[in-house]
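2 protein chains.
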Amino acid sequence: MTTAYPSAPLGSPENPGPFHLATDLRLACLRIARRNRFESVVEVAPHQMAVLSRVACGPASAGDLAEWERVSAPTMSRTIGGLVEAGWIERSADPTDGRRVIVTITDEGRERLAETRRARDEWMAARLETLSEADLEALQAALPVLERIATS
Amino acid sequence: MTTAYPSAPLGSPENPGPFHLATDLRLACLRIARRNRFESVVEVAPHQMAVLSRVACGPASAGDLAEWERVSAPTMSRTIGGLVEAGWIERSADPTDGRRVIVTITDEGRERLAETRRARDEWMAARLETLSEADLEALQAALPVLERIATS
DNA sequence: TATTGTTATACTCTATAACTATA
DNA sequence: TATAGTTATAGAGTATAACAATA
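Here the protein sequences come in this chain order: A and B.
If you read the first sequence in numbering that gives the first Met the number 0, its first letter stands for residue 0, the second for the next number, and so on.
If you read the second sequence in numbering that gives the first Met the number 0, its first letter stands for residue 0, the second for the next number, and so on.
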């Protein structure tokens, strides 16, 4: 058993078209994402990192964040609590609706976020440095397509 | 605040070289992997899926699996217990060393694995179907490079 | 005595249910 | 009465420490 997946997961075996591309591309992205996450030195938990990234784009309410991260309100409340305790975000009341809580990133949070991203970028940059010009050009050409897949 | 990351995470702002490619490529792979995992219908937990994938390549001992997944021995023991209870793998004693436990995938486990992979492949295939021939060619050309990054 | 794996216990992240405060 | 958020409680997944079986 040497293949990591069935030889013809979607189309027939004699159909090497976009189905194999789908499998191979999916696995490549999965493995890159996994190794990038595992092997970069990170002191921020994944769920914290996700919220920190979102809040870095601008203030958001607890409910917005829970919906965005597809997580329950209590879970987000707890995650926010941890980030506030760490000093990376701040809670404040919505002036127009006293029930709502507005979450804002702090300078310290922004710095921590930048550090984490820098570590992950460095992991990827180290790999790109070993590539030829032709390989880099192939990646440059594929990047907009990958971004379209990621956001479609 | 419209940028999702600092404008010059690694090099200086006037250095758009491989550093921006590293950032963009990393984020694209991360988002593709994340959406693929989230949006495909999956009834198998991530840690179970990882072990099932590994065992599908051939029998392995509990210790091998723990090391492979970078998880503690008790955690792997528990994960194995769940997969055995689900009927997807089987435990057996190593005939040459009574201390060791050999884990083997069952037909049912192989089927579940194939179903999960099929769902994820379909997610990706649906996105590829919307692309032009030129886009697909760009992906085909970049794929071996991505695979090298994933395994280097 | 060293190694392989499991059980005991504790901590974190998650969810649903119950509660408080505001609209 | 309905909504936004927090607290109470419980269920997974994880780890370290202690244990049992085998080499």
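No residue lacks a Cβ here, since even glycine has one placed at the ideal position from N, Cα and C.
In this text the structure is predicted, and so the values were computed from the model without any measurement.
Ordered along the chain, which non-local residues of its own chain (more than five positions away) have a Cβ less than 6 Å from that of residue i?
i                 : result
Ser39 of chain A  : Ala118, Arg119 and Trp122
Ala65 of chain B  : Ala72 and Met75
Val54 of chain A  : Ile88, Val102 and Ile104
Ala125 of chain A : none
Please work out which residues of its chain come closer than 8 Å, Cβ to Cβ, to residue i, disregarding the five sequence neighbours upstream and downstream, and give them in chain order.
i                 : result
Glu132 of chain B : none
Leu51 of chain A  : Val43, Leu82, Trp87, Ile88, Ile104, Gly108, Arg111 and Leu112
Can you find a C-beta in chain B that's less than 8 Å from the C-beta of residue i?
i                 : result
Met159 of chain A : Nothing about residue 159 of chain A can be reported from this structure: the residues present for chain A run from 0 to 151 only.
Arg34 of chain A  : yes
Arg119 of chain A : yes
Val144 of chain A : yes
Ile101 of chain A : no
Leu135 of chain A : yes
Ala44 of chain A  : no
Arg30 of chain A  : yes
Arg126 of chain A : yes
Ser151 of chain A : yes
Thr129 of chain A : yes
Which residues in the same chain have their Cβ closer than 7 Å to the Cβ of residue i, if we skip the five residues on either side of it in sequence?
i                : result
Arg99 of chain A : Ser60 and Asp93
Met48 of chain B : Thr115
Val41 of chain A : Thr115 and Ala118
Thr78 of chain B : His46, Gln47 and Val50
Determine, using beta carbons only, whether residue i comes closer than 8 Å to chain A.
i                 : result
Leu64 of chain B  : no
Ser60 of chain B  : no
Gln190 of chain B : It is not possible to answer for residue 190 of chain B, since the shown part of chain B is limited to 0 through 151.
Trp78 of chain B  : Here residue 78 of chain B is Thr; the residue named in the question, Trp, does not match the sequence. Chain A, which has no Cβ nearer than 8 Å to the Cβ of Thr78 of chain B, makes this no.
Ala27 of chain B  : yes
Asp23 of chain B  : yes
Leu82 of chain B  : no
Thr115 of chain B : no
Thr105 of chain B : no
Ile88 of chain B  : no
Ala72 of chain B  : no
Ala156 of chain B : There is simply no residue 156 of chain B to check, as chain B begins at 0 and stops at 151 in what is shown.
Leu51 of chain B  : no
Could you pull the start and end residues of the beta strand (DSSP E) that residue i belongs to?
i                : result
Ser91 of chain A : Ile88 to Asp93
Gly97 of chain A : Asp96 to Ile104
Give the range of the alpha helix (DSSP H) segment to which residue i is assigned.
i                 : result
Ala133 of chain B : Glu132 to Thr150
Thr129 of chain A : Segment: none, Thr129 of chain A is in no alpha helix (DSSP H) and carries neither H nor E.
Ser52 of chain B  : Pro45 to Ala55
Ser76 of chain B  : Ala72 to Ala85
Glu68 of chain B  : Neither: Glu68 of chain B is in no alpha helix (DSSP H) and is coded neither H nor E.
Out of the options, which one is the CA nearest neighbour of residue i?
i                 : options                                   : result
Trp67 of chain B  : B:Ala85, B:Leu130 and B:His46             : B:His46
Glu156 of chain A : B:Val144, B:Arg147, B:Leu127 and B:Ile148 : Chain A is shown from 0 up to 151; residue 156 of chain A falls before or after that span and cannot be answered.
Leu138 of chain A : A:Ala21, A:Cys28 and A:Thr22              : A:Cys28
Leu142 of chain B : A:Ala149, A:Val41, A:Ala32 and A:Asp134   : A:Asp134
Asp106 of chain A : A:Gly57, A:Phe37, A:Thr95 and A:Arg34     : A:Gly57
Leu26 of chain A  : B:Arg25, B:Thr78 and B:Asn35              : B:Asn35
Thr150 of chain B : A:Leu24, A:Ser91 and A:Arg30              : A:Arg30
Phe37 of chain B  : A:Asp23, A:Val70 and A:Asp63              : A:Val70
Leu130 of chain A : B:Ile148, B:Glu136, B:Leu130 and B:Leu24  : B:Ile148
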